[in-house]
Structure formats: structure tokens, C-alpha cells
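Below is one structure, written out as C-alpha cells; the observations come after it.
Number of protein chains: 2
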Amino acid sequence: MTSPQTLTLSSVKEAHALIKPFIHQTPVLTSTYLNTLASTPQTPEALSATEWSGQAPARPTLRLHFKCENFQRIGAFKARGAFHAIERLKQSPDFDPSRGVVTHSSGNHAQALSLAAKESSIPAYIIMPTLSTPSKIAATLAQGAQVTFSGPTAPEREAAAQKIISSTGAVLIPPYDHPDIISGQGTAALELLSQVVLPTTTTTLNAIITPCGGGGLLSGTALACSESPTTKVYGAEPSFQGADDAKRGYYSGQRIPSVKSLTVADGLRTPLGEIPWEIIYERRLVDGMYAVTEDQIRAAMRLVYERLKVVVEPSAVVGLAVALYNEDFRNMVEQEGGEGGWDLGVVFSGGNVSLDALGELLKE
Amino acid sequence: MTSPQTLTLSSVKEAHALIKPFIHQTPVLTSTYLNTLASTPQTPEALSATEWSGQAPARPTLRLHFKCENFQRIGAFKARGAFHAIERLKQSPDFDPSRGVVTHSSGNHAQALSLAAKESSIPAYIIMPTLSTPSKIAATLAQGAQVTFSGPTAPEREAAAQKIISSTGAVLIPPYDHPDIISGQGTAALELLSQVVLPTTTTTLNAIITPCGGGGLLSGTALACSESPTTKVYGAEPSFQGADDAKRGYYSGQRIPSVKSLTVADGLRTPLGEIPWEIIYERRLVDGMYAVTEDQIRAAMRLVYERLKVVVEPSAVVGLAVALYNEDFRNMVEQEGGEGGWDLGVVFSGGNVSLDALGELLKE
Numbered sequence: 000m001t002s003p004q005t006l007t008l009s010s011v012k013e014a015h016a017l018i019k020p021f022i023h024q025t026p027v028l029t030s031t032y033l034n035t036l037a038s039t040p041q042t043p044e045a046l047s048a049t050e051w052s053g054q055a056p057a058r059p060t061l062r063l064h065f066k067c068e069n070f071q072r073i074g075a076f077k078a079r080g081a082f083h084a085i086e087r088l089k090q091s092p093d094f095d096p097s098r099g100v101v102t103h104s105s106g107n108h109a110q111a112l113s114l115a116a117k118e119s120s121i122p123a124y125i126i127m128p129t130l131s132t133p134s135k136i137a138a139t140l141a142q143g144a145q146v147t148f149s150g151p152t153a154p155e156r157e158a159a160a161q162k163i164i165s166s167t168g169a170v171l172i173p174p175y176d177h178p179d180i181i182s183g184q185g186t187a188a189l190e191l192l193s194q195v196v197l198p199t200t201t202t203t204l205n206a207i208i209t210p211c212g213g214g215g216l217l218s219g220t221a222l223a224c225s226e227s228p229t230t231k232v233y234g235a236e237p238s239f240q241g242a243d244d245a246k247r248g249y250y251s252g253q254r255i256p257s258v259k260s261l262t263v264a265d266g267l268r269t270p271l272g273e274i275p276w277e278i279i280y281e282r283r284l285v286d287g288m289y290a291v292t293e294d295q296i297r298a299a300m301r302l303v304y305e306r307l308k309v310v311v312e313p314s315a316v317v318g319l320a321v322a323l324y325n326e327d328f329r330n331m332v333e334q335e336g337g338e339g340g341w342d343l344g345v346v347f348s349g350g351n352v353s354l355d356a357l358g359e360l361l362k363e
Numbered sequence: 000m001t002s003p004q005t006l007t008l009s010s011v012k013e014a015h016a017l018i019k020p021f022i023h024q025t026p027v028l029t030s031t032y033l034n035t036l037a038s039t040p041q042t043p044e045a046l047s048a049t050e051w052s053g054q055a056p057a058r059p060t061l062r063l064h065f066k067c068e069n070f071q072r073i074g075a076f077k078a079r080g081a082f083h084a085i086e087r088l089k090q091s092p093d094f095d096p097s098r099g100v101v102t103h104s105s106g107n108h109a110q111a112l113s114l115a116a117k118e119s120s121i122p123a124y125i126i127m128p129t130l131s132t133p134s135k136i137a138a139t140l141a142q143g144a145q146v147t148f149s150g151p152t153a154p155e156r157e158a159a160a161q162k163i164i165s166s167t168g169a170v171l172i173p174p175y176d177h178p179d180i181i182s183g184q185g186t187a188a189l190e191l192l193s194q195v196v197l198p199t200t201t202t203t204l205n206a207i208i209t210p211c212g213g214g215g216l217l218s219g220t221a222l223a224c225s226e227s228p229t230t231k232v233y234g235a236e237p238s239f240q241g242a243d244d245a246k247r248g249y250y251s252g253q254r255i256p257s258v259k260s261l262t263v264a265d266g267l268r269t270p271l272g273e274i275p276w277e278i279i280y281e282r283r284l285v286d287g288m289y290a291v292t293e294d295q296i297r298a299a300m301r302l303v304y305e306r307l308k309v310v311v312e313p314s315a316v317v318g319l320a321v322a323l324y325n326e327d328f329r330n331m332v333e334q335e336g337g338e339g340g341w342d343l344g345v346v347f348s349g350g351n352v353s354l355d356a357l358g359e360l361l362k363e
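As they're listed, the protein sequences go chains Z and L.
Take the first sequence: its position 289, counted from the start at 1, is 288 in our numbering, and no numbers get skipped.
Take the second sequence: its position 191, counted from the start at 1, is 190 in our numbering, and no numbers get skipped.
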């Protein structure tokens, strides 16, 4: 395992070299319609029910480049970190593959770790809350993992993990608070930077915005851009029931260690991890944090289905929602980008949405 | 306008050269999961309620290559034919652009023709049934078209079109029964053939299957493959309420001129056109027709959303449904493909599905 303090752009590049045979280089999509929409001022009516009521709407010029990690293996960027963690483990002389790996997650990380472990014939133990949705349990079992159920609280999960570690000697691979996971997740931004070829004199993207839950993707992206002084990095969160913990921490200087939100962006209900916090806040590698409402997330989701024709989960579109609806962000782009505007990379983190829930989610 | 009798592979190649600046070269996607599923025999239980009940399930080997016309401009392959018809019109010395073009369609062709006309500053008159869904009317108006409403029957539509032609001198561009439309639609298959690079000794796809409504896409595809003797061409239709008119016509030797079906595949409710029939049946350029049930269409749709993470409309997936569920087709592939199996091109025709209807469509 890499030490957290030594994480740099090189860590992300090394991660990419290691995981390239196992992951997809996902495509980057664009949409003239969404560029026009993002570059059109919001109406005073749209702003009237917000904190920006009565202000003159921002007039940014935005060209959006969508990095489609919904097309990644297992349907989310999590495959990157999981394959990287496994490849690093395999390099360690202390690691006994037969003992396996363990994690507690009910979501994309569980599937990603199970897949990565399976492809190296390493047993994977996944601790899931008893109340997990049957489709998620089935998907994890389908990757050949051994699923153990626990209560929903952190102490219950950790006790279940500890029990498995004691009996098997498995290595714990947490979903985000782990250097190899973070550098692995950063590889999506590394690809994005190389994939976007701009016709203007600007040589690279002006900024990248990613969703922020535990912060693995955002801090990895920050590392990937840490030696590109002209590419800024922003994080996006849901504001519902305080799920914008990273934003509040970022602007108050104090990490918020717990969150209890039932935001529709279910991948972003977790608090920011310690190593991500160090990268995002203490090392100042992220330039700002922005939050959006549940309605804005739903509206962005509808636009992606209607216009880009790709399947995304609610968590995936918070960056787009910020670009379209957050006036603090839009004012900043107007000021910084001027008339030429900005080329903005927008990471779609995943596409694992329950089809049964989709109808309700997309309803206007 | 090209004469129907002279339509060949060259017509499709010429169409492609003309429309290339206006359309997207859409991507070709693959899925290991769907290949495995297509290459797994159906269970006796799955067959028990079908016409193949009690038969031994077919054991084809299939590698599927999905041509994603849902990513095409206006979200469907119809942009190809429409841009081609407009470009051909512009070449004609008799055509006065200010008189415009007219069509009667409530669907993708209306939007496609409106877009193509708009980009050449040609007025577009669209006749839509009074009961069209508001979203379709709005989308057509958004392309700058002039919408006229008529009753739902063919004579009512034709009378409305005639009235516009009399008063404006506009040229009628029907949705499929038109040589330039057909050769334009064939360009999707032309691209598909060049995009799929196969590792085996086979130099090209063994077959392409496309949805068949009016038959523009299928007959265009047949032209595109007409000089590739190793690439067969198949059509797919819904069987519900007789929407498999092309299949019934194909096997009885008599075109069926009218259809009244409310199949969920709403783009395929039209009868096969006369020029498509000539290409598909009389010139023997299509090798077979297959039909699927409403449940099979829904199941294929769920798989596409879950596994490929792309947004498709029900009409788009009938080819995939045939490959997965139609035992006549699967037995044929088993016999023809043998152990090596087949590389099958599957055209996803479009992705214009109402988000309000999506929840119901994807329900298990």
C-alpha cells in the first residue's frame, strides 16, 4: 500500500499502467444541446425559489465533456480503485492470496472488489446490511463473492468485518479511505485529460467537476490534475439533509465525520474520508465545492436520459446539476472564463440504477 | 431522386459521402454479458409457453455488435435518410428551396426532416395527428418546423399534405417509401461493417439484423450488404396484433398493405412500404424475417438499460430480442454458424422514449 502522504500525479499514472488491462477506457460524450443550455442564463423565475432570488442570472459559457464511467466495468468508476488495490496487494510479499479480501459496502465498491478479486482468483468477503436491496445482493453474489449480513450501523459492520478478518486473515479494502483506491479512481480524470482534444489555444480542460461522497473519486481527480495548473478541480454534492458535508467542511476548515441523509443520490450519502480530506482540503488540491437540490439532480438526470441517451444513476449527475443550476458556480465560470468560456470535464460516476425505481426518478 | 430500380450498394455509398458532414458516426458497443446470455441455451421453462415448447433449446454461439443509432442526431437513424433526401433535393435544378418540404409523421422522421431542412434554411411542414403526444409536438416545433394537425387516418393525412403542397409547392418526403430515404438509412449498416474489426479469419460480420416497420432501415441495410455475400441480413418485428406484417408477407409472397397494432414498439406499427418490399422480397436481398412478443421486447429493453447503460426505445431492441429469444433464429445460427458461431450486427434504431412511460416499460 502506498503511503497517503506520498500520493501524487505519479501515483495515478502508475495506477493507470497497472489497471489498464482490466478496465475500459470509457468514452467522453458531448452534446450541443446541453452546451447551449449550460451557456444560457437561468430565468429569474427559476431563481426565484432559490438563495439567488432577485440576483441577475450568471452568463457563463460552458462546453461540457462527459466522462462516462457508467460504461465502466460493473457500471461505475469503482472498478478502477478495486483493480488497483488488488494489483498492489498482489505485489506485496506479505500478501497470501488464499486469505482473500474483505469490505463492507452495499453498493458499487462491493461489486467492483468482488470482480477484481475474482479475476485474480482471490476470495472476496462482502459485508452487506441485512436490508440491502435484493438486486444488489444478487449482483454481488453473481461476481462470486461471499456475502455476510450485518446490522446497518458502522460498529455492527466493523464487528462483522473484524470477525471475518480473524477467521480468514482477509485484507480489508475500504471503499474510499485508502491510498490505492484513491489513486485508482484518479485514473478516470487522467484519461479524460488525454481524451479531450480542444480546437482552441487552450491545451487542456479548464476544470473537472466530480461527485463527492467518501471523496475517493474527487481526491483521485485532484491528484490527476495536481500538476496541471490551468485545470481546476471542483466537487459536487447533494444538499439534502446535510449530504453536503464535504462542502461544509471545506468552507469551515473542519471535516464533518458523519452524515445521515436519504438523498436520491444514494452513492453520496457517506461522509468525506480522512485521506480524501487531507488531499482535498489540507493540500488545497480542490478549488471549490458546490451543492445542488434533489429537484436539480432529477432535472439533470432527465436531461441526460433525453439528450445523451445514456443510463446514469442519480449520484452521477450532481456535477452536471452544478454546472446547470448552481449560480455560485456559474458566476465563477463567467468571471474566470470570460468570453471564451470554459471547457469543463464532468465525470458521470456510474449507471447502476434500479430499473424499478427509474420511472419514479424520471417523473417530472 | 434516384429511381427505385437502380438502388444498389453504390447508392448507399454515395448517400454516405453526401450526409457525412451532417450526421454522427455512431459508436458500436459490445457486452460480454449479453454475448454469454445469447450463447446460452434457453431453459425448457422459458420455452414452455411458446411455440417451441418441448423442443430441445438451440445452442448458438453469438457475438453481438450493437450499432447505436440512439446516439444519432435527433436520437434515431431517421436523420440519415432525411439529410440524404434534402441533399439530393438541393442538387435538383427543379427544386425551389423556398417552397419547402412536407411530410406526415408523428415520430422520428418528422424531427429528422425538420432538422435537415432547418440546416439548409428550407421550410418544413409537418402534418401530425391531432392526438400526438405534446412532447413530440414540442420536439418538432423546436426544430423550427411548421406543424399542421390532421385526423389520424391515412386519407385525412394525405388530404392535409395535398393542401400544403397546393398552397406552398412543398415537396413531399415520405418516411420510408422513397429511394433517397432508403439509401440514406442504409448508411448505418455501411458504417457498422467498417467499424467492426474481427480478430478471426472471417473478414466481416456474418449477419446484420434490424428492426422493420415501414422497411426503410431494413431495405437500406440490405442494399449496404448486397455485395457482401458472406453477410446475411435479417429483419425483426413485433408479433403483437399482426405487427409482423413484413414477416407474414415475406413468407406468403404477398405484401400486406395495412397494419393495426398497438405494439409497445411504436415505431414499428406501420406496414412495409412498396419500395422496401421490392428490395426485401422481390430482389431477395433479405435472408429472413423473425418476430418477437411484447414480453420479449420488454425483457431485451431491460437488459440494454441494465447492461449496456444506454437509453433505447422499444422499437430499437427487437433485433436483440430475436437473437435472445426466437428459437427459429437461434436454431438457424446454430446450424449456419457451427462451433465458431456468428458475429451479428444488431442495429439499435433509436432512443426517443418518453421518460414518463419509461418506468412502466421497464417494470418486470
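Glycine included, each C-beta is placed from N, C-alpha and C at the ideal position.
Beta-carbon proximity list for residue i, same chain, < 8 Å, skipping 5 on both sides
| i | result |
| --- | --- |
| Z:E157 | H103 |
| Z:S227 | L192 and T203 |
| L:L307 | L28, S30, L33 and F65 |
| Z:L261 | F239, Q240 and R268 |
| L:E273 | D176 and R254 |
Neighbourhood of residue i by C-beta, 6 Å cutoff - its chain only, sequence neighbours within 5 removed
| i | result |
| --- | --- |
| L:L114 | I73 and Q142 |
| L:H15 | T186 and L189 |
| Z:R62 | N34 and D342 |
Residue-level contact to chain C via CB, residue i, 8 Å cutoff
| i | result |
| --- | --- |
| Z:E273 | Absent here is chain C; the protein component of the structure consists of chains Z and L. |
Extent of the continuous alpha helix (DSSP H) run through residue i
| i | result |
| --- | --- |
| Z:I136 | P133 to A141 |
| L:S238 | From DSSP, L:S238 is part of no alpha helix (DSSP H); its letter is neither H nor E. |
| L:A153 | A153 to T167 |
| L:W276 | E273 to W276 |
| L:P178 | P178 to Q184 |
| L:S218 | G215 to A223 |
| L:Y289 | Segment G287 to V291 is the beta strand (DSSP E) holding L:Y289; no alpha helix (DSSP H) there. |
Buried or exposed (CB count within 10 angstroms, at least 16 for buried), residue i
| i | result |
| --- | --- |
| L:A37 | buried |
| L:Q295 | buried |
| Z:S97 | exposed |
| L:P237 | buried |
| L:Y249 | buried |
| Z:A45 | exposed |
| Z:T39 | exposed |
| Z:S131 | buried |
| L:V196 | exposed |
| Z:S251 | exposed |
| L:T5 | exposed |
| L:P43 | exposed |
| L:G339 | exposed |
| Z:G99 | buried |
Residues of its chain near residue i, where Cβ-Cβ distance is below 7 Å and the 5 sequence neighbours each way are ignored
| i | result |
| --- | --- |
| L:E277 | P3 |
| Z:V11 | S182, G185, T186, L189, G219, L222 and A223 |
| Z:R247 | I255 |
| L:Y370 | Past the edges of chain L, shown from 0 to 363, lies residue 370 of chain L, and the structure says nothing about it. |
| L:I164 | V101 and L171 |
Beta-carbon proximity check, residue i vs residue j, cutoff 8 Å
| i | j | result |
| --- | --- | --- |
| Z:K89 | Z:S119 | yes |
| L:E121 | L:A159 | For the record, residue 121 of chain L in the displayed sequence is Ile; it is not Glu. No, the pair does not count as a contact, with Cβ atoms beyond the cut-off. |
| L:V317 | L:A264 | yes |
| L:P128 | L:P151 | yes |
| L:V309 | L:N69 | yes |
| L:T167 | L:Y124 | yes |
| L:E312 | L:V352 | yes |
| Z:L171 | Z:V258 | no |
| Z:T29 | Z:H64 | yes |
| L:P20 | L:Q41 | no |
Start and end residues, beta strand (DSSP E) containing residue i
| i | result |
| --- | --- |
| L:Y304 | Taken as a continuous stretch (DSSP letters only), L:Y304 belongs to no beta strand (DSSP E), as it is neither H nor E. |
| Z:K66 | L61 to C67 |
| Z:V11 | Taken as a continuous stretch (DSSP letters only), Z:V11 belongs to no beta strand (DSSP E), being part of the alpha helix (DSSP H) at L8 to I18. |
Check whether the stretch 344-351 of chain L and the stretch 209-225 of chain L are in contact - that is, three or more C-beta pairs closer than 8 Å. Contact between the stretch 344-351 of chain L and the stretch 209-225 of chain L is established, with three or more Cβ pairs separated by less than 8 Å.
Segment contact, 8 Å Cβ cut-off, at least three pairs: the stretch 280-291 of chain L with the stretch 170-180 of chain L: Because the criterion of three Cβ pairs below 8 Å is not met, the stretch 280-291 of chain L and the stretch 170-180 of chain L do not touch.
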